[in-house]
Every structure is written in structure tokens, then in C-alpha cells.
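Enquirer: Structure provided below as C-alpha cells; questions to follow.
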């Protein structure tokens with residue numbers, strides 16, 4: 004699968020990102036010839052975690068104030084409880100996610116990364132999966148939640164979703180197919 008000439012946005016909060024859910028999709032995009040870019044609220048670095056233990060930091064490529072959906076071919080929303088909870092509270096992040104959806108660009112989301120999709124109002128009638136604790140939130144947003152390793156919904160924009168780090172191989176395979 005080739006992502007040559009494709010730039011993929013990975014949107015995260017300042018801290019609490021599940022490291023594997025950031026690093027492994029980043030590597031998959033890069034290995035497929037794409038250019039991953041890290042977007043967050045502020046310049047500098049973001050703090051990833053291995054569950055609740057601080058892990059590595061990663062440099063931010065673009066801030067929410069400077070990023071637009073037109074600059075990117077697709078969007079990845081990594082998980083992490085604190086990350087997902089923070090991102091949904093940033094109006095610029097909600098607007099950016101809505102712009103990706105409105106433009107019909109593919110979005111891939113794993114674990115707790117999808118709370119911002121609810122805030123953006125883009126899930127009505129969609130099918131997806133996540134960490135199980137989000138299932139009621141998704142159903143209340145009009146989505147159908149299922150407990151599967153990976154779900155691809157080809158609605159108005161392709162939506163790839165997975166539950167947890169154990170699903171990353173399937174998640175990466177399907178996001179690459181959707182982004183190609």
C-alpha cells in the first residue's frame with residue numbers, strides 16, 4: 004500500500020496519549036511512504052503514556068490554530084483516556100475534525116480518541132468500535148457501537164475504528180487501505 008504524496012494528520016492533546024496508538028500508526032503511515040504530522044493545541048512537545056505511566060515526548064508539527072483539513076489527506080485520532088477527554092474540549096479540534104468529515108476525508112480512530120467525533124456531531128448513523136466504556140456515548144450520538152477488532156464504515160467519509168492497542172495490526176492495515 005502506497006501513501007506517496009499523502010500527508011496524514013495525527014491529532015492529540017498535550018498529554019495522556021496512549022504511546023502505542025500514536026507511534027504504531029505513525030510508523031505504518033511513514034513505512035507506506037506517507038508523511039505523518041502531529042497536530043496539538045500548542046507548540047512544543049506532547050507527553051505520551053503507556054497506560055498510566057509517562058512514556059516518551061513527541062514534537063508538535065502544527066498547532067490547532069495553524070492546521071486546516073485542506074492541508075492533509077486523512078486524520079488519525081489516537082487514544083488514551085486523558086488525551087481523548089482533552090481533545091474534545093478544544094473548539095479548534097472539534098472544528099478540524101468536522102472539517103475532515105465534511106470534506107469526505109478518511110478518519111481513523113482508536114480507543115478513547117473518538118470523543119471528539121461525538122463533539123463534532125459526525126457519528127449519527129455510523130458504525131464503529133472503541134474502548135468499551137465509550138459505547139453509551141457513541142449510541143447516544145446516534146452511532147451503532149460493536150465490539151470488534153476493527154470496523155470500517157464507508158459512510159459520507161470512511162471511518163476506521165479499533166478498540167485498544169492489541170488491535171493495532173488490524174487498525175493499521177485498514178487505515179492504510181482507507182488512506183491509499
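In the numbering used here, the protein residues as written are 4 to 183. In this text, a Cβ means the ideal position worked out from N, Cα and C, and glycines have one as well.
Residues in the same chain with beta-carbon distance under 8 angstroms from residue 60, minus the five sequence neighbours each way, listed in chain order, please.
Expert: Here the set comprises 48, 49, 50, 51.
Enquirer: What residue range is occupied by the uninterrupted alpha helix (DSSP H) comprising residue 171?
Expert: Element bounds for residue 171: 171–182.
Enquirer: Measure from the alpha carbon of residue 102 to the alpha carbon of each residue in 171, 38, 183, 74, then state which is nearest.
Expert: Closest by alpha carbon: 74.
Enquirer: Assuming residue 119 contacts residue 91 (C-beta within less than 8 angstroms), just tell me the rounded distance between them.
Expert: Indeed, because the Cβ distance is near 4 angstroms, the residues count as touching under 8 angstroms.
Enquirer: Helix, strand or coil: how does DSSP classify residue 62 here?
Expert: If DSSP states are grouped into helix, strand and coil, residue 62 belongs with the strands.
Enquirer: If residue 20 sits next to residue 38, beta carbons under 8 angstroms apart, how far is it from one beta carbon to the other, in whole angstroms?
Expert: About 19 angstroms; that fails the 8 angstroms criterion.
Enquirer: Grouping DSSP H, G and I as helix and E and B as strand, with all else coil, what is residue 40?
Expert: Reduced to three states, the DSSP call for residue 40 is strand.
Enquirer: Going by the CB atoms, is the gap between residue 113 and residue 182 shorter than 8 angstroms?
Expert: Contact flag unset, no.
Enquirer: With a threshold of 16 other CB atoms inside 10 Å of the CB of residue 87, please say whether the residue is buried or exposed.
Expert: Buried: at least 16 other Cβ atoms inside 10 Å.
Enquirer: Measuring only the C-alpha atoms, how far is residue 165 from residue 17?
Expert: The straight-line gap from Cα to Cα measures roughly 22 angstroms.
Enquirer: Give, in chain order, every unbroken run of the alpha helix (DSSP H) that is at least 4 residues long and sits entirely within the segment 74–140.
Expert: Qualifying alpha helix (DSSP H) stretches, in chain order: 84–90, 94–105, 118–123.
Enquirer: Go through its chain and collect everything with a Cβ distance to residue 148's Cβ below 6 angstroms, but skip five positions before and after it.
Expert: Counting only Cβ-Cβ distances below 6 angstroms, and skipping sequence neighbours, we find 138, 141, 142.
Enquirer: At which residues does the alpha helix (DSSP H) containing residue 32 begin and terminate?
Expert: From DSSP, the alpha helix (DSSP H) with residue 32 extends over 22–34.
Enquirer: Do residue 77 and residue 171 count as a contact pair if the criterion is CB distance below 8 angstroms?
Expert: No. Outside cutoff.
Enquirer: Can you tell me whether residue 12 is helix, strand or coil according to DSSP?
Expert: Correct three-state label for residue 12: strand.
Enquirer: Starting from residue 3, trace the beta strand (DSSP E) both ways and give me its first and last residue.
Expert: Examination of residue 3 is not possible in this model, given that the chain is present from 4 through 183 alone.
Enquirer: Quick check on DSSP: helix, strand or coil for residue 168?
Expert: It is helical.
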